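Here UniProt numbering is used: position 233 in the sequence shown is 233, and no number is missing along the way.
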Amino acid sequence: MAHATPSPAAFRATAGLSGRITVPGDKSISHRSLMLSALAVGTSRVEGLLEGEDVLATAAAMRAMGATITRDDDAVWTIDGVGVGGLRQPATALEMGNSGTSTRLLLGLVASHAITATFTGDASLSKRPMARVTDPLSLMGAEFTTSPGGRLPLMVRGLCPAIPIDYRLPVASAQVKSAILLAGLNTPGITRVIEAVPTRDHSERMLTGFGAALTVEEDIDGTRTIAITGEAELRPQQIVVPGDPSSAAFPVVAGLLVPGSEIVVANVGLNPTRAGLYTVLRAMGASIVPEDEREVGGEPVADLRVSHSVLRGIDVPPEIVPSMVDEFPILFVAAALAEGRTVMRGLEELRVKESDRIAVMAEGLRAIGARVEELPDGLIIDGTGGEPLAGGATVAAHLDHRIAMSFAVAGLVSSGTVTIDDMAPVATSFPGFATMMADLGAEVVA
């Protein structure tokens, strides 16, 4: 949602960070927990749900379409579902705030129901392209009326019964894949999505767990074909949401960069389709040790022990991008403190996130003393070798939560104070971020 009053904060260099923390629940899993529970027949319970603005927008939308969703004093969420095919006509527009995931996945749900819904969002979300989702959903029979450029506000008129399709993803996108699979839940026949590059697989894991007839076949070249058979009947579930690896990335990188630090980030989801950042950081020399490795709700989970490390610049392989696309802003900060040069390419997707994350990070990093070359599809960063950045600047977050948190971490390894012009957007994914960093020993001045 839009934040009318900016909330600036300053982050300063600190002595070593220490402590044991947990991060909010995984955003991707939280969204899908609410949506699939709302389509199940019966009552589901969800613990550890991320209670950020993005996920709350999904909860509000599912309530508007008929599901009963409540939260008790122990932060356990109960969802009474309407069943696949049971979504009701919302009385008003569905307000998505800043959540691209809510918007794209819910477009898939509505596309195969005989309802009409209008989607609105804040200024940032209204700049983001939706054609990558509306194009395949149109092939299934849904009709869309969009703002210029295929953007929000938009109206979708679903078709029931919808038309099953075989769709090859033109770009690696878990959101597009998930939207089509969710539309396929209420579509008679078999709907298939073909992806040449594997993307995060939470939808496949969770749809299977809820009882959908879903198969995944992988060719010798790594191409995956995901097939879902509609019309499905989903069973209610008991879900424990692991900590979000994208949120954990910020304290992890802070612990690696601030001299004298040793922290433990507990209960982090380490789904291999999401854990690319940790692979890259280890290749750069990071000390990140998983402890108490376990499985929770079909997802691998561990506690991460992180110690200050001297990082080395590397060429990041483009094929790892889908497994860490949201983590590149904080990797840019790590690269700015590494020894030598880090080359990161294949990042075109970052230009159409909540902000143009390549341009915005390049501008902000230069303002605090980093040596950055911007490319059409990425950045080349020559690091300081562990020496502090100059700092002493105010950087613009551009209503982007991950930009704001990345520069907060940069402030901890800068000689001068780094001020972020607006930390309010951080509430979309990481409520309590500044408090958590202060608890670890960071100096935060709101």
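For glycine and all other residues, C-beta sits at the position ideal for the given N, C-alpha and C.
From a predicted model like this one, the values you see are computed outputs, not experimental measurements.
| Query | Result |
| --- | --- |
| Whole-number beta carbon distance between ILE190 and LEU169, since they are thought to touch under 8 Å | In fact, because the Cβ distance is near 17 Å, the residues do not count as touching under 8 Å. |
| Sequence-distant residues of the same chain with beta carbon closer than 7 Å to SER173, five excluded per side | ARG132, THR199 |
| LEU375, buried or exposed, once every other Cβ within 10 Å from all chains shown has been counted against 16 | exposed |
| Distance, ILE163 Cα to LEU139 Cα | 7 Å |
| Strand pairing of TYR278, partner residues [DSSP] | DSSP lists no partner for TYR278. |
| Stretch-stretch touch, CB-based, cutoff 8 Å, three pairs: the stretch 247-255 with the stretch 21-38 | yes |
| PRO251, enclosing alpha helix (DSSP H) - first and last residue | 245-257 |
| Bounding residues of the alpha helix (DSSP H) (the contiguous stretch that carries MET62) | 53-64 |
| Same chain, Cβ closer than 7 Å to residue 498, five either side skipped, listed in chain order | The chain is shown from 1 up to 446; residue 498 falls before or after that span and cannot be answered. |
| Neighbourhood of ARG282 by C-beta, 7 Å cutoff - its chain only, sequence neighbours within 5 removed | ILE288 |
| Start-end ranges of the beta strand (DSSP E) lying completely within the stretch 89-158, minimum 3 residues | 116-120, 143-147, 151-157 |
| Per DSSP, cross-strand counterpart(s) of GLY297 | According to DSSP, GLY297 bridges with nothing at all. |
| Helix, strand or coil at SER261 [DSSP, three-state] | coil |
| Helix, strand or coil at SER414 [DSSP, three-state] | strand |
| Three-state secondary structure (DSSP) of GLN175 | helix |
| Where the beta strand (DSSP E) through THR43 begins and ends | 43-47 |
| Exposed unless 16 or more other CB atoms sit within 10 angstroms - verdict on ALA2 | Reliability of the predicted coordinates at ALA2 is poor, the pLDDT of 46 falling under 50, and the value obtained from them is presented with this limitation in mind. The residue is exposed, with fewer than 16 neighbouring Cβ atoms inside 10 Å. |
| Nearest to MET344 (by Cα), restricted to the options PRO148, PRO242, MET405, ASP382 | ASP382 |
| Beta-ladder partner(s) of GLU327, from DSSP | DSSP, once it has assigned bridges, lists no residue as partnering GLU327. |
| Between the CA atoms of GLU443 and GLY100 - distance to the nearest angstrom | 32 Å |
| For THR225: DSSP bridge partner residues | ILE194, GLU217 |
| Beta-carbon separation (whole angstroms), ALA361 vs ALA9, contact threshold 8 Å | In the sequence as presented, Ala is not what sits at residue 361; that position holds Met. With 8 Å as the limit, MET361 and ALA9 do not qualify as a contact, their Cβ atoms being about 18 Å apart. |
| Identity of the residues DSSP links to ARG312 by a beta bridge | GLU339 |
| Beta-bridge partners of GLN238, as assigned by DSSP | ARG45 |
| Three-state secondary structure assigned by DSSP to MET1 | With a pLDDT of 46 at MET1, under the threshold of 50, the modelled position of this residue cannot be trusted; read the value that follows with caution. Coil. |
| Reduced DSSP category for LEU169 - H, G, I as helix; E, B as strand; rest coil | coil |
| Three-state secondary structure (DSSP) of GLY364 | helix |
| Beta-carbon proximity of SER417 to ARG12, cut-off 7 Å | Inspection of the sequence shows that residue 417 is occupied by Thr rather than by Ser. Yes. Within cutoff. |
| Range of the contiguous alpha helix (DSSP H) that encloses ILE320 | Where ILE320 is concerned, there is no enclosing alpha helix (DSSP H), given that its DSSP letter is neither H nor E. |
| GLU204, enclosing alpha helix (DSSP H) - first and last residue | 202-209 |
| Sheet register partners of ARG305 (DSSP bridge) | VAL264, VAL289 |
| Paired residues, beta bridge with ARG71 - DSSP | TRP77 |
| Beta-carbon proximity of residue 450 to THR208, cut-off 7 Å | No information on residue 450 is available, as it lies outside the stretch 1 to 446 that the chain covers here. |
| DSSP-derived helix/strand/coil call for ALA442 | coil |
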